[in-house]
Amino acid sequence: MTNEQGNARKFNFGKSNVKALPMLDARYLRENLESVEARLKTRGEGVDIALFKELDGRRRELLLQSETLKALRNKVTEEIGRLKDKSQGQERMAEMREVSQKIKGIDESLKVVEEELQTFLLTVPNIPNETTPVGKSEADNVVVRTWGEPAALGFEAKPHWEIGESLNILDFERGAKITGARFTLYRGAGAKLERALINFMLDLHTDEHNYIEMLPPFMVNRESMTGTGQLPKFEEDLFHMEGVDFFLIPTAEVPVTNIHRGEILKGSDLPINYCAYTPCFRKEAGSYGKDTRGLIRQHQFNKVELVKFAHPADSYNQLQQLLGNAEEVLRRLKIPYRVVELCTGDIGFSAAKTFDIEVWLPGQHCYREISSCSNFEDFQARRAGIRFRQEEKAKPEFVHTLNGSGLAVGRTVVAVLENYQQADGSVLIPEALRPYMGGLERIS
RNA sequence: GGAGAGUUGGCCGAGUAGGUCGAAGGCGCUCGCCUGCUAAGCGAGUAUACUGGCUAAAACCGGUAUCGAGGGUUCGAAUCCCUCACUCUCCGCCA
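Numbers 77 to 520, taken from the numbering used here, label the letters of the first sequence in order.
Written out as structure tokens, the structure is:
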């Protein structure tokens, strides 16, 4: 046995026993090919219609052949079973032996086609909602509203990394020494500020916004990553464990949405609101030159996430609520922000509609994303098999899933440091946070 | 790390000398009946996915699959064999 095999065996607890993911809505795609294609085009994304037609057609053809033969075999087998004298069945048994061989061959081809089809379907992004503005890039996003006035500091605003280093609460050099680039060590009041923000956000959402707090695993299996849409397409952005088929979560969206994977929920329980603090781990592949300084883009950062499972007819109302719940964090902290509606060219793979909250950063003279609130409609629900019944006996339907940061904690620290910096180099603590900082009013 | 026990439908729970078992029974639920209301009682029904036919679409009718997952033996597997995952108990180790 090679070393690698030994390892694999030792840690071989990768697959969950939850049933395989259900087929995506191949039927809907089959019947609405043209319109789906047109709407996906607004993302700047093409669908290989010819490939789909071929795979889908082949699959149905093979399925029909296989099922017809199985029906025959079942019938004959039942007759044999009814025989008192089994020796009378010899001839038919021989026939069925051949039929079974044929079925085996067809099923093997079928399996190949189904895997190809599944792989194809899993790489098709969500269809944007009709209300999502059509556009090519970030530049076409629409500012929905702006809250708060950037404060007139009366001096040249410093970027947070300078503030953090001079107050000795953020240590980028040692973070890099301990691990590497894009890892930061928080010290003293800095560490406490991060923790205070986490608790403040969790308390706000659970006590006032009616979310149930969850503390999920920070590693998930492949099925979970596929359920929310990170896999199969974005594996290169994820940290993968060696020896086990687990991934570090890039957001709490993954473990929290997958809480109900493969379940049928009660319609009367909707909407279900969950809120979770987790660290998030991202490789940030392809962003090498970007945001190299400071806390903005880290391989590990903390986030409080809001997740909703909603009735399809109610999901856009829920999206507004979720967005408002996230905004409330910045309102309480009295930090200016704006809300941006993402265009079709800028929304994520799984989203049908997304609003970003961008916080004002005086040190950088710009608004930066601090939260992303999306309605995935039934996209994740299909992949993850999350359904509900309207009524006790009704047919199960897919729920709509939503989530949003409420908020990204590291970036909130950035916003606090930069917006609350004082001429003397100290930083005031927002009033709402003081109870979480042991009454501390100022970091100096 | 070692030893053992389990995994069946919304839930509980039968079913292992392979055959008519998608699966007894109970609970729950739905509809109907009955009783002046309630309770009790009686009758019927009660999984999911894919797929063929019909259809504008459904309803509907038919087929296939599913008894943790995957594979094997067999004309035929919930039942036999193998691999894996998970749950529980005991021992060891450990925050």
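Note that CB positions come from ideal geometry on N, CA and C, so glycine has one too.
For residue i, which residues of its own chain have a beta-carbon under 7 Å away from its beta-carbon, when the five flanking residues on both sides are left out?
i, result
"Ile125", "Leu109 and Glu113"
"Ala361", "Glu312 and Asp313"
"Glu270", "Tyr262, Asn378, Val485 and Val489"
"Ala227", "Asn495"
"Leu307", "Arg298 and Met301"
"Phe276", "Ala508, Leu509 and Tyr512"
"Leu105", "Val112 and Phe128"
"Gly421", "Arg119, Gly120, Gly211, Lys212, Ser213 and Asp216"
"Gly240", "Leu246, Gly266 and Leu493"
Identify the residues that DSSP records as bridge partners of residue i: which are they?
i, result
"Ile433", "Val415 and Ser447"
"Glu155", "The partner list for Glu155 (beta bridge, DSSP) is empty, contrary to what the question assumes."
"Arg24", "In the structure as shown, the chain starts at 77 and stops at 520, and residue 24 therefore has no counterpart that could be examined."
"Glu289", "Cys351"
"Met295", "Leu324"
"Arg518", "Leu504"
"Arg221", "Val415"
"Tyr262", "Leu246"
"Ala484", "Lys379"
"Thr477", "Phe385"
Can you list, in chain order, the residues of its chain with a C-beta nearer than 6 Å to that of residue i? Leave out the 5 residues immediately preceding and following it.
i, result
"Ala499", "Phe231"
"Cys356", "Pro326, Thr327, Phe377 and Lys379"
"Glu453", "Ala428 and His476"
"Gly251", "Phe259, Thr260 and Leu261"
"Ser520", "Ser502"
"Gly256", "none"
"Leu159", "Gly165"
"Ile245", "Arg263, Gly264, Ala265 and Gly266"
"Ile288", "Tyr350"
"Gly343", "Phe464, Arg465 and Gln466"
"Ala457", "Phe474, Val475 and Thr477"
"Leu516", "Ile505"
"Leu524", "Absent from the structure is residue 524, since the part of the chain shown begins at 77 and ends at 520."
"Lys91", "With a pLDDT of 41 at Lys91, under the threshold of 50, the predicted position of this residue should be treated as unreliable, though the coordinate-derived value follows. So the list is empty, once near-sequence residues are dropped."
"Asn205", "Ala428 and Lys429"
Tell me whether residue i sits in a helix, a strand or coil according to DSSP, three-state version.
i, result
"Leu348", "The sequence shown places Ile at residue 348, not Leu. Strand at Ile348."
"Val353", "Just to set this straight, residue 353 is Tyr in the shown sequence, not Val. In this structure, Tyr353 counts as strand in the three-state DSSP scheme."
"Asn79", "With a pLDDT of only 30 at Asn79, under the threshold of 50, the placement of this residue in the model should not be trusted; the figure read from the coordinates follows. Asn79 falls in the helix class under three-state DSSP."
"Ala257", "coil"
"Asn108", "coil"
"His316", "strand"
"Gln497", "strand"
"Asn48", "Residue numbering for the chain in the displayed model covers 77 to 520; residue 48 lies beyond these limits and cannot be assessed."
"Tyr512", "helix"
"Phe87", "With a pLDDT of 34 at Phe87, under the threshold of 50, the predicted position of this residue should be treated as unreliable, though the coordinate-derived value follows. DSSP places Phe87 in coil when its eight states are reduced to three."
Got a sec? Which residues, its chain only, sit under 8 Å from residue i by beta carbon, not counting five neighbours each side?
i, result
"Ala96", "Residue confidence is low: Ala96 scores 45 on pLDDT, short of 50, so the model does not pin down where it sits. Its coordinate-derived value is still stated next. Cβ neighbours of Ala96 beyond the five flanking positions: none."
"Leu310", "The identity of residue 310 in the sequence shown is Phe, whereas the question assumes Leu. So the list reads Phe425, once near-sequence residues are dropped."
"Gln141", "Ile182"
"Glu174", "none"
"Lys146", "Ile179"
"Tyr413", "Thr222, Trp223, Gly224, Glu403, Leu406, Ile433, Glu434, Val435, Trp436, Tyr443 and Ile446"
At least three beta-carbon pairs within less than 8 Å, the segment 323 to 331 to the segment 348 to 368: yes
Within the segment 361 to 425, ranges of the alpha helix (DSSP H) (whole runs, at least 4 residues): 391 to 409
Contact between the segment 480 to 491 and the segment 431 to 451 (3+ Cβ pairs under 8 Å): yes
At least 3 beta-carbon pairs within less than 8 Å: the segment 386 to 396 vs the segment 162 to 172: no
The segment 458 to 478 in contact with the segment 238 to 250 per 3-pair CB rule at 8 Å: no
Three CB pairs or more closer than 8 Å across the segment 195 to 210 and the segment 398 to 412: no
contact_flag[the segment 186 to 193, the segment 129 to 145] where n(CB pairs < 8 Å) is 3 or more: yes
4 or more residues per run - each alpha helix (DSSP H) lying fully within the segment 124 to 199: 125 to 158 and 166 to 198
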